[in-house]
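Input: a single structure, listed below in structure tokens.
There are 2 protein chains.
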Amino acid sequence: MAIIVQKFGGSSVKDVERLKKVALIASGERDKGNKVVIVVSAMGKTTNSLIKLSQDISTSPSQREMDMLMSTGEQVSIALLAMALHSIGVDAISFTGSQVGILTDNSHMKARIIDIDGQPILDALDAGKVVIVAGFQGIDESYNITTFGRGGSDTTAVALATALKADICDIYTDVNGIYTTDPRIVSNAKKLDTITYDEMLELASLGAKVMHSRSIEFAKKYGVVVQVRSSFNPEVKGTFIQEKGDNMEDPIIRGVASNKNESKISVLGVTDSPGIAAKLFSALASENINVDMIIQNISDQGATDISFTVPKDDLKKSLSVSEEIISPLGAKGVTFDENIAKVSVVGVGMKSHSGVAATMFKALSEKGINIDMISTSEIKISVVIDLAQADEAVRVLHAAFELDK
Amino acid sequence: MAIIVQKFGGSSVKDVERLKKVALIASGERDKGNKVVIVVSAMGKTTNSLIKLSQDISTSPSQREMDMLMSTGEQVSIALLAMALHSIGVDAISFTGSQVGILTDNSHMKARIIDIDGQPILDALDAGKVVIVAGFQGIDESYNITTFGRGGSDTTAVALATALKADICDIYTDVNGIYTTDPRIVSNAKKLDTITYDEMLELASLGAKVMHSRSIEFAKKYGVVVQVRSSFNPEVKGTFIQEKGDNMEDPIIRGVASNKNESKISVLGVTDSPGIAAKLFSALASENINVDMIIQNISDQGATDISFTVPKDDLKKSLSVSEEIISPLGAKGVTFDENIAKVSVVGVGMKSHSGVAATMFKALSEKGINIDMISTSEIKISVVIDLAQADEAVRVLHAAFELDK
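From first to last, the protein sequence lines are chains A and B. Counting in this note's numbering, the first sequence runs from 46 upward without gaps. Counting in this note's numbering, the second sequence runs from 46 upward without gaps.
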């Protein structure tokens with residue numbers, strides 16, 4: 046008898062009709078003889094109205110009280126889902142993060158899980174119940190309610206799968222799985238049967254919004270097999286995220302991703318002396334700016350240029366931080382460009398195959414797409430190009446690496 | 046340094062503006078050097094939208110899951126109120142019923158308090174914080190969330206006042222206190238400075254909606270002094286509910302109450318044999334029908350009539366239950382009257398003063414108001430009259446007992 050953890054995100058529980066659909070999916074899994082644990086997020090509109098209420102009261106609400114407030118969203122979902130299961134004759138019980146002993150540190154709004162008791166869930170499963178757990182939330186040692194920040198319910202699901210030694214963690218979302226690239230850009234994009242944790246991590250950091258990196262890291266660390274699948278088409282097999290691909294020889298490239306939400310900042314003519322980059326990026330980090338690519342080329346006569354990308358939302362703040370840090374150091378100036386896109390190819394196969402970069406650059410240049418920045422990892426090559434050419438670049442690379450085959 | 050428990054009901058926290066007002070009231074009490082504990086209900090519209098959601102899913106939702114769902118309402122209020130206090134510079138912390146250890150039995154939706162830990166609150170008060178506690182909710186021995194049913198937040202407030210040995214429990218509401226009668230009916234109704242627990246209990250059961258009987262019983266049992274006062278006019282002194290009146294000699298009558306929400310049912314020609322009334326009222330009780338007055342007069346030639354009143358909402362169900370029970374017993378029939386009102390005079394003084402009933406009946410008859418049923422207790426006389434004459438009866442009795450003096 047397998048233990049299956051199912052996670053349903055905001056779009057899968059956005060209203061009563063969707064909740065009833067979720068109940069049917071869980072019930073179907075139980076009818077196959079499995080023990081089912083469901084993790085749910087808040088209904089989308091609940092979260093928004095709670096945030097609105099807090100904003101009406103305070104521009105900088107206490108993080109502890111925000112956790113107290115926001116955690117009610119998942120609590121509403123679990124109660125309603127339990128009722129929906131009862132109404133189709135399935136024995137079910139809901140638990141808050143506190144009630145199942147999801148112990149975290151005390152970093153409100155971005156808490157990290159320390160331990161999960163798990164026993165209350167196993168007891169309820171043994172009693173024949175479907176167990177519903179509130180995602181995104183836990184409790185610290187002083188019984189304060191904590192929440193996990195972005196992708197929090199995925200983290201709850203993977204952590205529960207670990208604690209319960211579940212056979213699989215099904216992440217239900219609004220797409221059928223992980224694709225070779227965005228099907229809205231490339232109509233013949235193919236759904237992948239499997240993908241490795243490392244590839245998925247790269248895709249997540251490159252802009253694929255299906256799962257948050259944190260939960261994938263968690264799954265990789267504890268070897269939890271994750272299936273990304275659709276709550277709208279539950280009969281369709283999804284994509285399995287696991288340590289190894291199914292094939293003896295992995296394909297060279299697994300997918301193409303694009304991210305249009307970044308801007309580029311260049312700091313020009315920086316004196317090439319130790320510690321300058323450290324100062325700059327420490328200052329950006331202390332403002333919670335998430336710097337993505339960083340490029341520094343070889344120094345030209347004692348001065349160099351440093352370029353980096355940041356989320357578009359953080360551009361203004363990043364520019365002022367950069368100027369403040371750089372001007373006393375005698376840099377020539379700071380420039381920026383909002384009209385960029387990052388396009389990446391990802392695949393563990395490229396570790397053992399030379400020529401991936403050459404193929405990529407050649408395909409782009411044949412279409413007249415100019416490369417502005419390049420960054421590589423063992424299993425990924427990213428380029429920054431003109432925003433207007435992003436979709437074309439994705440199509441070109443998808444074809445060049447024969448991902449539609 | 047006094048400990049003050051303040052309770053704010055749904056109308057006092059119905060929106061963000063009212064919440065900010067509540068924060069100011071609590072802050073003012075703290076500025077006087079008091080330790081302040083606040084109990085809040087759910088914002089009115091929150092409760093309604095949660096109930097709506099549950100009804101969209103199930104016609105008979107699980108009581109445990111209803112408690113899981115409904116308890117989020119108060120949790121939202123406490124978090125927002127903490128933020129509102131922070132935003133005016135007051136150190137404050139919110140707690141759920143679970144977090145402060147409000148231990149109850151496991152009767153979901155009508156749980157009774159077994160014990161309150163209190164230590165988390167005392168610790169926070171000692172640390173200089175205003176403490177905000179979610180009303181209406183607790184937790185049973187198995188960590189299930191429970192709620193208290195009608196008047197639940199009042200019960201939380203009184204129970205906390207008991208556990209913390211508070212100096213007073215202020216129940217903030219939308220009226221200035223307890224009046225000799227409804228000021229909407231009698232314009233010169235007077236606000237009472239004090240009222241005894243027993244009188245308040247009678248008034249509550251007679252239709253005064255200010256506090257629920259259960260919380261008054263609790264206050265009486267533990268001698269908690271309660272002040273009913275207005276969150277809209279916090280500068281006005283309210284009415285103190287306590288064991289004894291302030292005067293050596295209590296006035297004879299303290300107040301006049303009317304209830305227009307009941308219907309009368311009469312079962313005619315019941316055989317006067319043991320157990321018939323028991324069968325009838327057991328059947329009504331098992332349908333959760335709250336029977337109020339019951340009158341059975343002396344038997345006339347082996348058959349008697351039994352009359353009783355029930356809430357108007359329960360009339361239909363009560364009639365069908367009565368007919369089902371009575372017809373096999375050979376009763377002549379069941380009649381009903383929706384156009385009735387119950388008017389009552391209340392006062393501990395009547396224990397030692399004869400003639401109250403006579404004064405009451407005389408005053409009514411002088412105005413041509415016919416009495417249909419009479420019921421008395423040690424400190425109360427109630428009559429059932431024609432609905433159309435209810436307000437006039439209240440005015441007549443208010444004047445007859447000189448309550449405006």
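A virtual CB, placed ideally from N, CA and C, is assigned to each residue, including glycine.
For the alpha helix (DSSP H) containing residue i, list its first residue and its last residue.
i, result
"B/K66", "61 to 76"
"B/Y267", "258 to 267"
"A/M113", "108 to 132"
"A/V203", "197 to 208"
"A/S331", "321 to 331"
"A/L442", "435 to 445"
Name, in chain order, the residues that DSSP records as bridge partners for residue i.
i, result
"A/V388", "A/S303, A/V428"
"B/I340", "B/S352"
"B/F53", "B/V85, B/Y217"
"A/I297", "A/I297 is not bridged to any residue."
"A/A137", "A/V175"
"B/K468", "Missing from the structure shown is residue 468 of chain B; chain B here goes from 46 to 450 and no further."
Excluding sequence positions up to five away, which residues of its chain have a Cβ less than 6 Å from the Cβ of residue i?
i, result
"B/K425", "E247, S389, V391"
"B/V178", "V84, F140, V145"
"A/A208", "I161, G163"
"B/V50", "V82, A202, L205, A206, A211, C214"
"A/P459", "Any answer about residue 459 of chain A is impossible in this case: the structure gives chain A only from 46 up to 450."
"A/D382", "K309"
"B/K357", "N306, S308"
"B/I339", "F353"
"A/F193", "A156, F181, T200"
In the DSSP assignment, the beta strand (DSSP E) including residue i goes from what residue to what residue?
i, result
"B/R274", "271 to 275"
"B/I184", "182 to 184"
"A/D160", "158 to 161"
"A/L148", "147 to 149"
"A/Q287", "284 to 287"
"B/T104", "Taken as a continuous stretch (DSSP letters only), B/T104 belongs to no beta strand (DSSP E), as it is neither H nor E."
"A/I190", "190 to 192"
Please classify residue i: does DSSP put it in a helix, a strand, or coil?
i, result
"A/A47", "coil"
"B/T421", "strand"
"A/L237", "coil"
"B/S250", "helix"
"A/K97", "helix"
"A/K309", "strand"
"B/Y242", "helix"
Going by beta carbon distance, what residues of the same chain come within less than 7 Å of residue i, once the five residues before and after it are set aside?
i, result
"B/T91", "G118, V121"
"A/L432", "K305, N384, I385, A386"
"B/V231", "V439, R440, H443"
"A/R259", "G196, T200"
"A/P106", "S99"
Cβ of residue i versus every heavy atom of the ligand ZN: is any distance shorter than 7 Å?
i, result
"B/D136", "In the structure on display, the ligand ZN does not appear, and there are no ligands present to speak of."
Excluding the 5 residues flanking residue i on each side, which residues of the same chain have their C-beta closer than 8 Å to its C-beta?
i, result
"A/Y217", "Q51, K52, F53, G54, S57, V67, I70, R274, S275, S276, P279"
"A/T421", "A402, S427"
"B/T404", "A445, F446"
### Query
In the stretch 362 to 415 of chain A, which residue ranges form an unbroken alpha helix (DSSP H) of at least 4 residues, counting only runs that do not cross its ends?
Fully enclosed alpha helix (DSSP H) runs of 4 or longer: 401 to 411.
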